[in-house]
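The structure appears below as structure tokens.
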Amino acid sequence: MKTILSSQTVDIPTNGTCDSIYLSVYIYIYICVCVCVPLCSVDVNLKGRTVIVKGPRGTLRREFSHINLELCLLGRKHKKLRVDKWWGNRKELATVRTICSHVQNMIKGVTLGFRYKMRSVYAHFPINVVMQENGSLVEIRNFLGEKYIRRVRMRPGVACTVSSAQKDELVLEGNDIELVSNSAALIQQATTVKNKDIRKFLDGIYVSEKGTVVEADQ
Numbered sequence: 001m002k003t004i005l006s007s008q009t010v011d012i013p014t015n016g017t018c019d020s021i022y023l024s025v026y027i028y029i030y031i032c033v034c035v036c037v038p039l040c041s042v043d044v045n046l047k048g049r050t051v052i053v054k055g056p057r058g059t060l061r062r063e064f065s066h067i068n069l070e071l072c073l074l075g076r077k078h079k080k081l082r083v084d085k086w087w088g089n090r091k092e093l094a095t096v097r098t099i100c101s102h103v104q105n106m107i108k109g110v111t112l113g114f115r116y117k118m119r120s121v122y123a124h125f126p127i128n129v130v131m132q133e134n135g136s137l138v139e140i141r142n143f144l145g146e147k148y149i150r151r152v153r154m155r156p157g158v159a160c161t162v163s164s165a166q167k168d169e170l171v172l173e174g175n176d177i178e179l180v181s182n183s184a185a186l187i188q189q190a191t192t193v194k195n196k197d198i199r200k201f202l203d204g205i206y207v208s209e210k211g212t213v214v215e216a217d218q
């Protein structure tokens with residue numbers, strides 16, 4: 001059976017109270033969900049299906065033109081973003097929640113930022129990591145005793161540093177969760193063990209912790 005309308009709503013935070021989470025589902029007819037987001041001053045603008053989020057840490061922009069949806073801002077201060085989908089099948093309705101999750105991550109990124117921590121794991125040959133170009137280029141040396149220097153370029157807006165509090169730890173910070181996580185994945189893939197049993201040879205650089213740059217208020 002076709003669903004007539006599927007709607008998702010994201011509240012844009014203000015310096016005050018935070019709306020509660022409401023969930024109401026009407027089977028086969030209408031779906032509406034209000035999502036609670038972090039407290040901070042955030043501005044959201046729409047240009048067609050392009051969402052622009054501005055916050056204390058910067059600006060993020062994302063296009064959803066490849067999905068047949070309706071986006072609109074509600075309220076006088078435009079503090080609520082609604083996503084509508086008409087006459088969608090099961091998979092198309094799932095994109096409504098997906099887009100709202102993307103917007104939530106954008107809001108979290110411009111307010112709190114994202115931080116990934118990675119640890120070097122080695123049994124015999126110490127892995128040496130050197131930062132170049134202000135943390136935008138990572139050089140990995142002496143992996144499994146090899147002379148080859150592995151160079152990993154960070155995604156735009158992502159900075160990588162060597163932790164001073166923990167030995168053999170890297171810290172990646174940025175506003176876009178996809179760029180930060182992708183940069184961490186590039187580092188991990190660069191230290192993949194080849195032609196050996198990975199159950200025995202565990203050397204590499206792995207993600208050890210995921211969090212935010214600014215601590216969220218409880």
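In terms of UniProt numbering, the sequence shown has 68 at position 68, counting the first letter as 1, and numbering is strictly consecutive. The beta carbon of each residue, even a glycine, is placed where N, CA and C say it ideally should be.
Exercise. Is it true that the segment 146-163 meets the segment 195-204, where meeting means three or more beta-carbon pairs spaced less than 8 Å apart?
Worked result: no
Going by DSSP, name the residue or residues bridged to residue 58.
-> Counted from its first residue, the sequence shown places residue 58 at position 58. DSSP, once it has assigned bridges, lists 55 as partnering residue 58.
Note to self: With DSSP as the reference, identify every bridge partner of residue 152, one or two as the case may be.
What the structure shows: The sequence position of residue 152 within the sequence shown is 152, counting from 1. Its beta-bridge partners are 138.
Q.
Among the candidates 127, 100, 51 and 165, whose CA atom is the shortest distance from the CA of residue 63?
A. On the sequence shown, position 63 is the one that residue 63 refers to. Nearest C-alpha to residue 63: 51.
Report task. With DSSP as the reference, label residue 183 as helix, strand or coil. Result -> As a working mapping, residue 183 is identified with position 183 in the sequence shown. Of the three classes helix, strand and coil, the one that applies to residue 183 here is helix, per DSSP.
Mapping the DSSP letters down to three states, classify residue 69 as helix, strand or coil. Start at 1 with the first residue of the sequence shown, and residue 69 comes out as number 69. Reduced to three states, the DSSP call for residue 69 is coil.
- Rounded separation between residue 114 and residue 173 - CA only: Position 114 of the sequence shown, counted from the first residue, corresponds to residue 114. Position 173 of the sequence shown, counted from the first residue, corresponds to residue 173. Answer to the nearest angstrom: the Cα atoms are 6 Å apart.
What are the boundary residues of the alpha helix (DSSP H) that residue 93 is part of?
Taking the sequence shown and counting its residues from 1, the one referred to as residue 93 is at position 93. Taken as a continuous stretch (DSSP letters only), the alpha helix (DSSP H) holding residue 93 covers 90-111.
Quick one: what does DSSP say residue 24 is sitting in, helix, strand or coil? Numbered from 1 along the sequence shown, position 24 holds the residue referred to as residue 24. With a pLDDT of 42 at residue 24, under the threshold of 50, the modelled position of that residue is not reliable, and the figure given next carries that caveat. Looking at residue 24 - three-state DSSP - the assignment turns out to be strand.
**Study point:** Local conformation of residue 166 per DSSP, three classes
**Key:** Taking the sequence shown and counting its residues from 1, one reaches residue 166 at position 166. DSSP places residue 166 in coil when its eight states are reduced to three.
Distance check for residue 183 and residue 118, CA to CA, integer angstroms please.
Numbered from 1 along the sequence shown, position 118 holds the residue referred to as residue 118. Numbered from 1 along the sequence shown, position 183 holds the residue referred to as residue 183. Whole-angstrom Cα-Cα distance: 11 Å.
*asked:* Can you tell me which residues form a DSSP beta bridge with residue 129?
replied: In the sequence shown, residue 129 corresponds to position 129, counting from 1. Beta-bridge pairing links residue 129 to 140.
Where does residue 30 sit, in a helix, a strand or coil, going by DSSP?
-> As a working mapping, residue 30 is identified with position 30 in the sequence shown. Any reading at residue 30 must be qualified, since the residue scores a pLDDT of 48, below 50, and its modelled position is unreliable; no value is offered.
Q | Residue closest to residue 158, alpha-carbon to alpha-carbon, out of 46, 146 and 175 | A | By 1-based counting over the sequence shown, the position of residue 158 is 158. Measuring from the Cα of residue 158, the nearest candidate turns out to be 175.
Review point. Does the pairing of the segment 162-171 with the segment 116-130 give three or more beta-carbon distances under 8 Å?
Key: yes
Open item on the list: Tell me whether the segment 55-69 and the segment 86-99 touch, counting them as touching only if at least three CB pairs, one residue from each stretch, are closer than 8 Å.
Closed with: yes
Checklist entry - Among the residues of its own chain, which have a CB less than 8 Å from the CB of residue 125, if the five just before and after it don't count? => result Within the sequence shown, the letter at position 125 stands for residue 125. Excluding positions up to five away in sequence, the list reads 142, 143, 144, 145 and 203.
Exercise. Are the Cβ atoms of residue 205 and residue 188 separated by less than 7 Å?
Worked result: Counted from its first residue, the sequence shown places residue 205 at position 205. Counted from its first residue, the sequence shown places residue 188 at position 188. Their beta carbons are under 7 Å apart, which means residue 205 touches residue 188 by this criterion.
query: Sorted by chain position, which residues of the same chain lie with C-beta nearer than 8 Å to residue 131's C-beta, five sequence neighbours on each side aside?
result: Translated into positions along the sequence shown, residue 131 becomes position 131. Cβ within range, chain order: 137, 138, 139, 160, 161 and 162.
Discussion item. Considering Cα atoms alone, identify which of 122, 135, 107 and 46 is closest to residue 56.
Written reply: One-based indexing of the sequence shown puts residue 56 at position 56. The shortest C-alpha separation from residue 56 is found at 107.
Worksheet item: Relative to the C-alpha of residue 96, which residue among 181, 49 and 122 is closest?
Response: Numbered from its first residue, the sequence shown carries residue 96 at position 96. Of the candidates 181, 49 and 122, the one whose C-alpha sits nearest the C-alpha of residue 96 is 49.
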